[in-house]
Every structure is written in C-alpha cells, then in structure tokens.
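K.L.:
Would you mind keeping the following structure in view while I ask a few things?
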Amino acid sequence: LESLRSFAGLGFKDCPDEWDAPFKPTGGSEYFFWPLLTDLMPWQHSGVQAKRTWPIGATVEVLRERWRQLLAASDRSTALKETRDRKTTSRVDALFAPSAEELTSIARLDRDAQPETIVRYGYRSFDRHYLIADNRIADYLRPDLWHTVSASQLFFASQFSQPLGSGPALTTCAEVPDLDFFRGSYGAKNIFPFYRDAEAKYANLHPELLSILAAYHGQPVSPEDFAAYLYGILAQPAFTERFHGELASRELRLPLTRDAALFQSVAVIGRELLYLHTYGERFAADQTWPPPTVKCLKAVPAGQLPENFNYDGVARVIRVDSGEFGPVDVGVWEYEVSGLKVVQSWLGYRMRNRKGKKSSPLDDITPTGWNSDYTSEFLRLLNLLTRTLALHPRQAELLDDILCGSLFDADELPPVPPQWRKAPTTHAAQGSLDV
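In terms of the working numbering, the sequence shown opens at residue 13 and continues consecutively.
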C-alpha cells in the first residue's frame, strides 16, 4: 500500500470462483504452492451436533438409564432440553431406516420404547464415548456421515475456524465424530470421511490424484496408501511447529513427494499411527498392538467415580484418586491437540464432577463408579500415546527429507469437479450399528 501513488496504480486479480474459497491474499512461501487438503479430499462435513450433552456418555448403561428416565419424566420437555429444531412433539425421519420412515415423537412414545440405537462415538481426539443415535434427540446428527459408516471407514479431522496450535495437524477416528471432535471447541466443517460410501468403493479423493501419483511413482497407489501417507505427514507436531506462520492462514496443505521410496516410508508409519489412533479398529491386518509399557500399578477404587487426578513427574505416575498408572512420560501427560490436553481431558470427562456443561437433569445420571472398562481403555490410551511419541522423531526426519526433495505443485491437479465437494446422493441400506 505504501508504494501506491494513485488508485490507477492498484492491481486487481480475480477472486477464486469456488463457492467456499476464502476471501484473503495468498501467501508467498513454498507452503502455499502445495495442494490444499480440501482439494485432495474434496468432501468435508461438520461433525454431529446434538445440542444437548445427555445423549453422550462414557458407558452404554448410563445412556440406557438416561433414555429410560427421559420417557419416565413427568415433564419430557425439560428432560429432553428442547431447542428450535428438536422438541418432544417434533416429527422426524429415522436415521437408519432404509425408507426414512417417520419416528413416533418423544411426547407420544410409550415408556418402554427403545431408542434407534446406541453406538461408539468419536467424542474428542483419542477419546471414544457412546451416543444415543436417535434423530428425535439430536438436532444435527449428520445423516450423510452415518450413511458412509463401514469397517473400512476413517474420519479425519482438523481445524479451519482457528489457526492450528501445537500438536498434530490431523487426527482420526473410526467412529462418526462430534462437531468439536478435533480439540473440544471451534468445530466447523472440518471432518473428512475417507470413503464416500458404506461399501468403501469410492474414496473421498481428488478424482485424478491416484493416477497422477502412480504415473510418477511407477507403481499403483491405493487409496489406503494415500491415507497412510497423509497421516504420516500431518499427524505430528513437527509439521505444525515448522509451518506455524503459514498455518495462521487456516489453510492446511500437504507436501506431496514425487519420490516413491519416501512416499512408502511415510506410509509405513502412517499405517501404524492409523491403527493406533483408531484403537486397533483399522489396518489391523498389517499391525500388532505394541507391548504395553504403561501398566495399572494400583487399582482405582471402584465404589464411586474419582474426584481428583494428577501427575507425579518424579515417579512418572498418573494418580487417579488412590489409583496409579505408570511409568508415564511427561510427553504423554502433556500431549495436546491444538490446546486439548488429551490425557487430562479424557480423565476430566470421567470424574465425579465431570467437565463440561449440563444440558438437562438427565446429565446427573452418571456411572456409579470407575470400572474395569475405564481401566482398560485408559491403559490403551496411555500406551498408544507412548508409541505415538516414539514415532515422532522418525516422522520429523522424513518430513525434512520430503521438503528437500521434489514436490507436487497444487496446479498439477486439475480443478476439482463441483459434484465431488458435495455429499453422496445415494446410499446403500445400512447394516446394524448397534453396540
């Protein structure tokens, strides 16, 4: 602006013609020549937004009791926590019925009626909860996501409403994720289903990406190969540290190597991370769970939910009331996803005075105490994070190698056809998603 002497000296450029293109200048570093994640995976979606907290819980039993208490309540409206889009009288279609049949409203349900289903739910990065997946009690269940669920589906998540902070730039889960899955807040249109269909026949990838990669690499590249490469590059703190300034643009771009050997080296690590971060639900045929390094040294009292937790850096132990888990490195305790302290958040949701706002009297129905499933899941979390931290140095080395080599430019990919940015229009009938 300081160089301008008159309005006539101001140059103009056409704005991007895509409907969701940001109205902002393009950066000048090499980062801004790489392909956008939103072009490599053209269809992105918002996660589930229930608009009430009680349909989400850490155990199936608690959710079943909350549902029973909803139907037993003298005032179902208060128990439900009515919103503009969901009232006890709302008439909505079933989420899972193949013919979209209308459900009986909450106001008219018999006391012994059952919800549509209760399923595993991607609540926060690395934190699996359960959800009453019933269209009558959640404002925005995002049917398009549920209609792509399969034993092969992956849901990737990042953050675009705010600049990325420390930790990985991308996380994943095997379950349909929450709106705020990535970091517990600022959720928006930041979920990337890896497949567009429940049969896992059509990957959510740029239609010419794999053929272009295969031509340069001299060998076929499968959708799963690309998913592993993507995750091996972006699911590490070295990426967000190195490109902290560029990520202020809220554009997530991928350095895509032309080197087939480097591509495969990254994909090997990416496959292991995808296996770990989905709790062994994906890529299980190629991986084995690492030997546990963290163990339960002293059981958490089972009589009631714990009230406190802390980390002893000298003893390398996490204490949950009088229970103890160790040895735990400080890096595991402090592991974060853009401000979300993963281990501390996981524990916070399972305390007697659990974190988060209450939406209804039904939120007061909680587990009676810490159980063996909590212990098992917590140990899996601590051990998968321990192994994840062990992989980060190699990921950082490979990132350096890739940045020193030849990379694809964004303009080497043709423009994304508009229809590829939209949700699929047809879905096959779904199998049972019950727990």
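Positions of the beta carbon are idealized from the N, C-alpha and C atoms, including for glycine.
Looking at ILE414: is its Cβ nearer than 8 Å to the Cβ of PRO267?
P.N.:
Yes, the Cβ-Cβ distance between ILE414 and PRO267 is below 8 Å.
K.L.:
Which same chain residues, not among the five before or five after GLU220, have their C-beta less than 8 Å away from its C-beta?
P.N.:
Contacts found: LEU425 and PRO426.
K.L.:
Look at the alpha carbon of ASN202 and the alpha carbon of LEU191, and state the distance between them as a whole number of angstroms.
P.N.:
The straight-line gap from Cα to Cα measures roughly 8 Å.
K.L.:
Note down the Cα distance separating GLY343 from ASP151, rounded to an integer number of angstroms.
P.N.:
So the alpha carbons of these two residues sit roughly 38 Å apart.
K.L.:
Counting only the same chain and skipping the five closest in sequence on each side, list residues whose C-beta sits under 8 Å from that of ALA422.
P.N.:
Around ALA422: PHE45, TRP46, PRO47, LEU48, ASP51 and ARG265.
K.L.:
State the DSSP-derived secondary structure class of GLY21, mapped to helix, strand or coil.
P.N.:
GLY21: helix per DSSP, three-state reduction.
K.L.:
With H, G and I counted as helix, E and B as strand and the rest as coil, what does DSSP make of LEU157?
P.N.:
Helix, per DSSP.
K.L.:
Count the CB pairs spanning the segment 356-374 and the segment 56-74 that are closer than 8 Å, and state whether there are at least three.
P.N.:
Touching, yes, given that three or more Cβ pairs across the two stretches are closer than 8 Å.
K.L.:
Would you tell me roughly how many angstroms separate the C-alpha atoms of ARG120 and SER102, rounded to the nearest one?
P.N.:
Computed Cα separation, rounded: 10 Å.
K.L.:
When the cut-off is 8 Å and only beta carbons count, does VAL342 lie next to chain C?
P.N.:
The question asks about chain C, but that chain is absent: this structure has only one protein chain.
K.L.:
Indicate the three-state DSSP secondary structure (helix, strand or coil) for ASP151 in the structure shown.
P.N.:
The answer is coil: DSSP assigns ASP151 none of H, G, I, E or B.
K.L.:
LEU394 to ASP341, Cα distance in whole Å?
P.N.:
In a straight line, the C-alpha of LEU394 is about 10 Å away from that of ASP341.
K.L.:
Nearest to PRO379 by CA position, among ALA314, PRO405 and SER357, is which residue?
P.N.:
Measuring from the Cα of PRO379, the nearest candidate turns out to be ALA314.
K.L.:
Measure the CB-CB distance between GLN276 and TYR287 and report whether it falls below 8 Å.
P.N.:
The answer is no: Cβ separation not under 8 Å.
K.L.:
ASP324 to GLN356, Cα distance in whole Å?
P.N.:
When rounded, the distance between both Cα atoms is 13 Å.
K.L.:
Using the DSSP secondary-structure output, state which residues sit across from ILE68 in a beta bridge.
P.N.:
In DSSP, ILE68 forms a bridge with LEU143.
K.L.:
What are the boundary residues of the beta strand (DSSP E) that includes ASN395?
P.N.:
First-last for ASN395: 384-416, but that is the alpha helix (DSSP H), not the beta strand (DSSP E).
K.L.:
Cα-Cα, which of GLY335, GLU389 and SER170 is closest to PRO189?
P.N.:
It is SER170.
K.L.:
On the criterion of 16 or more Cβ atoms from any shown chain inside 10 Å, does ASP412 qualify as buried, or is it exposed?
P.N.:
With fewer than 16 other Cβ atoms within 10 Å, it is exposed.
K.L.:
Does VAL326 pass the burial test, meaning 16 or more other C-beta atoms within 10 Å, or should it be called exposed?
P.N.:
Exposed, because fewer than 16 other Cβ atoms sit within 10 Å of the Cβ of VAL326.
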